[in-house]
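Residue numbering for the sequence shown follows our numbering, starting at 263 and increasing by one per position.
Every residue, glycine too, gets a C-beta built ideally from N, C-alpha and C.
Everything on this sheet refers to the single structure shown next.
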Amino acid sequence: AIEASVGQFKLILARCSYGNLRSRLIERLQELCSVEIRILVLKETDTILYATIRAALGENL
């Protein structure tokens, strides 16, 4: 997890190998949180995290 700017930015990473469990956890997290949650599924070949996130989110980063 990364936190900066007095709570204005947080990057939280979670890994779950089971698709069904992952879906349930995401659904539950969205129920509990009032903020927008963006989901980015990484591939095993994604080795440069910043570049991958930047490419996926573009200007919305």
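>> Mapping the DSSP letters down to three states, classify L273 as helix, strand or coil.
In response: strand
> Which whole-angstrom value is the C-beta distance of L287 and C278, which I expect to be below 8 Å?
Replying inline: 6 Å
> To the nearest angstrom, how far is it from the Cα of T314 to the Cα of L283?
Replying inline: 24 Å
> Looking at the unbroken alpha helix (DSSP H) that takes in R300, where does it start and where does it end?
Replying inline: Segment: none, R300 is in no alpha helix (DSSP H) and carries neither H nor E.
> Just reading off the alpha helix (DSSP H) that T314 is part of, what are its end residues?
Replying inline: 311-319
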